[in-house]
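So the structure is just underneath, and the comments pick up after that.
Residue numbers (this note's numbering): 430 to 572.
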């Protein structure tokens, strides 16, 4: 399986397995193998980043949590917590998906339910970071 190199300074030690013609990647949070989709490839980079680089405990990371938004059940991709408080909401898209204002607004709507201080919208190649302050999102400036 040909996987794109994502925009992370670090390299991570992923575990893969193949069953018939499908590939799976091991999720350190859920402690199971998951179907390796382009979006899962991005999510697993963030999981490894928070576990290895930022030294969070696996229990501080919540993946694919169900939320209800306007009566519809949605799933958030990754939530980083501290003492059970939501800190960072990460919305993962496949690398070929363009990050737009519309996809950012989707992430912001999810966060209106979750209430994290920061959100990251990512396709693995590009990352948009914003924090919520005074009722609006402020984008991090690159130095």
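Beta carbons: idealized from backbone N, C-alpha and C, even for Gly.
Listed in chain order, the non-local C-beta contacts of residue 544 below 6 Å within the same chain comprise 515, local neighbours out to five positions each way being set aside. C-alpha of residue 445 to C-alpha of residue 456: approximately 10 Å in a straight line. Counting along the chain, residue 476 sits inside the alpha helix (DSSP H) bounded by residues 467-477.
Under the 8 Å Cβ criterion, the segment 467-474 counts as touching the segment 447-456, having at least three qualifying pairs. Straight across, the Cα-Cα distance linking residue 551 with residue 449 is about 30 Å. In this structure, residue 482 keeps its C-beta atom at 9 Å or more from the C-beta atom of residue 520.
One Cα belongs to residue 432, the other to residue 501, and the distance between them is close to 32 Å. Between the C-alpha atoms of residue 556 and residue 508 there is a straight-line separation of about 16 Å. Nearest neighbour of residue 491 by Cα position, chosen from 475, 499, 498 and 536, turns out to be 475. Separation of residue 479 and residue 529 (C-alpha to C-alpha, rounded to the nearest whole angstrom) is 25 Å.
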